[in-house]
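Heads up: the structure comes next, in structure tokens.
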Amino acid sequence: MFEESESNSESELEDEETAERRQLEDEEKAESAADKRRRLAKEYLSGLGGSAEGEGEGDYAFDAKQLDEEIIGSRLQRDVAEEKGYVYKFIGGRMNLKDAKISVRRVGNLGMTCIAVSYPYLYSTSKDMELAKWDIKEAGKKAKKVKYVRGGDRYKEISKDQSENGHCDEIYTCAASPDGRYVVSGGRDKRVIIWSGENLACQRVLPTSSRHGEVYGMAFRRKTDQLYVGCGDLKIRTYSVDQQAELETLYGHQDSVVDVSALGLERCVSVGSRDRSVMLWKIGEESRLTFRGGDSIEKYQQLVARGARAEADESVKKEEGKEDSANAATSPSPALFIVEGSIDCVSMIDDSHFVTGSDNGNIALWSISKKKPIFTVRQAHGFQPKLLPSQSSVEKDVQRASAQVPEQQPYWITSIHAIPYSDTFITGSWNGTLKVWKLREDLRSFESIGELDRAKGVVTKIDSYEEEGMLRVYASLSKEHRLGRWIKVNGGRNGIYSAVIELK
Numbered sequence: 015m016f017e018e019s020e021s022n023s024e025s026e027l028e029d030e031e032t033a034e035r036r037q038l039e040d041e042e043k044a045e046s047a048a049d050k051r052r053r054l055a056k057e058y059l060s061g062l063g064g065s066a067e068g069e070g071e072g073d074y075a076f077d078a079k080q081l082d083e084e085i086i087g088s089r090l091q092r093d094v095a096e097e098k099g100y101v102y103k104f105i106g107g108r109m110n111l112k113d114a115k116i117s118v119r120r121v122g123n124l125g126m127t128c129i130a131v132s133y134p135y136l137y138s139t140s141k142d143m144e145l146a147k148w149d150i151k152e153a154g155k156k157a158k159k160v161k162y163v164r165g166g167d168r169y170k171e172i173s174k175d176q177s178e179n180g181h182c183d184e185i186y187t188c189a190a191s192p193d194g195r196y197v198v199s200g201g202r203d204k205r206v207i208i209w210s211g212e213n214l215a216c217q218r219v220l221p222t223s224s225r226h227g228e229v230y231g232m233a234f235r236r237k238t239d240q241l242y243v244g245c246g247d248l249k250i251r252t253y254s255v256d257q258q259a260e261l262e263t264l265y266g267h268q269d270s271v272v273d274v275s276a277l278g279l280e281r282c283v284s285v286g287s288r289d290r291s292v293m294l295w296k297i298g299e300e301s302r303l304t305f306r307g308g309d310s311i312e313k314y315q316q317l318v319a320r321g322a323r324a325e326a327d328e329s330v331k332k333e334e335g336k337e338d339s340a341n342a343a344t345s346p347s348p349a350l351f352i353v354e355g356s357i358d359c360v361s362m363i364d365d366s367h368f369v370t371g372s373d374n375g376n377i378a379l380w381s382i383s384k385k386k387p388i389f390t391v392r393q394a395h396g397f398q399p400k401l402l403p404s405q406s407s408v409e410k411d412v413q414r415a416s417a418q419v420p421e422q423q424p425y426w427i428t429s430i431h432a433i434p435y436s437d438t439f440i441t442g443s444w445n446g447t448l449k450v451w452k453l454r455e456d457l458r459s460f461e462s463i464g465e466l467d468r469a470k471g472v473v474t475k476i477d478s479y480e481e482e483g484m485l486r487v488y489a490s491l492s493k494e495h496r497l498g499r500w501i502k503v504n505g506g507r508n509g510i511y512s513a514v515i516e517l518k
């Protein structure tokens, strides 16, 4: 009798649960859009409250209600700021750069071209067609190689069996999906290849099907599977990695798209190398904004005149006992003007600001509210050493040889990385250091706050990972430029650079 009554009670409970589930489904169908938003908001807040309660457990006495409110409030502010695309992480003033723990993992590849961090792993690509996976769990220690795959001539023909495919030429770029499931690479062989993030097994080959379709740069949209790819045929292609398919193609640049950056919104920023333009693509709205670079002598003369007026005003203020340091810091010098040939790298700060690096050493800060840079630092990494007469001329006469020595050239900005939604970004060249920059509070200018040394070689890519009270910076170092062999660094090395920075 007991067993029978137990089974009856279980069946009654199941019937009640089924009825309740159907009732909830009917209520969800009947609710309006406003009611649905209200319900989802309540569920979100209750979820935050639950996690806050879990974090508050311990052996010490505290005000649980106040702690919950602080945790929920801070998380709401962070989520809202990121959703709106605002800068909310002010870490520039908290970075202890002097005590940064730096290590360099030397590798035997021909030339490192790119890295992508998906903690606890880092993925790297090189000119000898290798895609490698590295373990970076232990902060301050050199990365450990976990697995790698290498391309070759045997992959020239694309096989119907996707697992049998790979790269057949130099790999220029890579990106890791936000969930860590996939790694995507592209390069000179005009292929976008999707790999498994776990074992680096080839999942799908997506050829660009274009004569000049080399893949130069790519970036994932945060928290999604959308991938934006910049190509040599002047196009930007968008992909869904989960569907393993191309979605659409964006046109507008007049030269190769060498770098792409994206954050949370359905938009991306691209740079067109020698067309000296930056384009912000609002993909959902099917529109774009075009920003023009090209530091011309006419523009510079205007800046010089403006700087001269500022210096005159400053001298008057000094006589009156007042000094404007801001104008003095930004006054340009005519001797430092060098024509901008190409814009080579870009990184988004938030959804309305981004920074670019050029081949004349310029770092420019842009806002979507203005078509020109709102602030520029020229020759940010300094000048290359001047050539000796014997290096620049075959003339035996010393005076003639000296007359043929070219002017000193600036270090190009070969890589730039803005820590998402923060006031800090990092730049690299081949002068031996990574420079760290901090935006001012009004987001209208920036200043250098320090350097990270021991970066011997061309910095081809910079990435980062944030922890509680710590920032990890990673960079790929190469003996030559990632897209060619124009630069040969004496004493340069191929390796993975790591710096662990404490946040005070």
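Just so you know, we're using this note's numbering here: the sequence shown kicks off at 15 and counts up by one. C-beta: ideal position from N, C-alpha, C; glycine also.
- Scanning W426, G442, T447, A469 for the CA closest to the CA of W500 turns up W426.
- The alpha-carbon of V369 is positioned some 9 Å away from that of H431.
- Restricting attention to E312, C282, R290, the CA atom closest to the CA of E299 is found in C282.
- Proximity of the stretch 469 to 485 to the stretch 121 to 134 meets the contact definition, three or more beta-carbon pairs being nearer than 8 Å.
- With three or more CB-CB distances shorter than 8 Å, the stretch 260 to 270 counts as touching the stretch 243 to 251.
- DSSP places E480 in the strand class (E or B) of the three-state scheme.
- Closest in C-alpha terms to D358, from the list E260, D437, L294, G231, comes G231.
- Here Y133 is exposed. Its C-beta has fewer than 16 other C-beta atoms within 10 Å.
- In the three-state scheme derived from DSSP, where H, G and I count as helix and E and B as strand, D149 is classed as strand.
- Our two residues, A157 and N445, have alpha carbons roughly 23 Å apart in a direct line.
- Residue burial annotation: V353 is exposed, with fewer than 16 other C-beta atoms found within 10 angstroms of its C-beta.
- For S416, the secondary structure class from DSSP, reduced to helix, strand or coil, is helix.
- Y479 and L485 have their C-alpha atoms some 6 Å from each other.
- Beta-bridge analysis with DSSP links A190 to V197.
- Non-local C-beta neighbours of A215 in its own chain, meaning closer than 8 Å and more than five positions away in sequence, comprise S177, W209, ordered along the chain.
- Counting along the chain, P403 sits inside the alpha helix (DSSP H) bounded by residues 403 to 406.
- Apart from the 5 residues on each side of it in sequence, E262 sits with its Cβ closer than 7 Å to the Cβ of T252 in its chain, given in chain order.
- Between S138 and C188, the C-beta spacing is below 9 Å.
- A straight-line Cα-Cα distance of about 14 Å links G509 and K147.
- The C-alpha of K103 lies about 31 Å from the C-alpha of S492.
- When the alpha-carbon of Y169 is set against those of G106, D183, Y100, the nearest one is in D183.
- DSSP links E184 through a beta bridge to no other residue.
- Excluding the 5 residues flanking it on each side, A276 has same chain C-beta neighbours closer than 6 Å at A233, R235, Y242, C282, in chain order.
- For Q217, the enclosing beta strand (DSSP E) covers residues 216 to 221.
- Rounded to the nearest whole angstrom, the CA to CA distance from R202 to S356 is 20 Å.
- The C-beta of H226 has fewer than 16 other C-beta atoms within 10 Å across all chains shown, which makes the residue exposed.
- For T304, the enclosing beta strand (DSSP E) covers residues 301 to 306.
- E312 sits exposed, since fewer than 16 C-beta atoms from the chains shown fall within 10 Å of its C-beta.
- A contact is defined here as three or more CB-CB pairs under 8 Å, and the stretch 100 to 115 meets this definition with respect to the stretch 432 to 441.
- The beta-carbon separation of I150 and Y162, rounded to 15 Å, does not stay under the 8 Å limit for a contact.
- Counting only residues of its own chain and dropping the five nearest sequence neighbours on each side, S406 has a CB closer than 7 Å to the CB of Q418, V419, P420.
- DSSP places R281 in the uninterrupted beta strand (DSSP E) bounded by 281 to 285.
- Straight-line measurement puts the Cα of D411 at about 53 Å from the Cα of L294.
- E228 is the residue among Q257, E228, G122, G505 whose C-alpha sits nearest the C-alpha of L497.
- Counted as a single uninterrupted DSSP element, the beta strand (DSSP E) harbouring R205 occupies residues 205 to 210.
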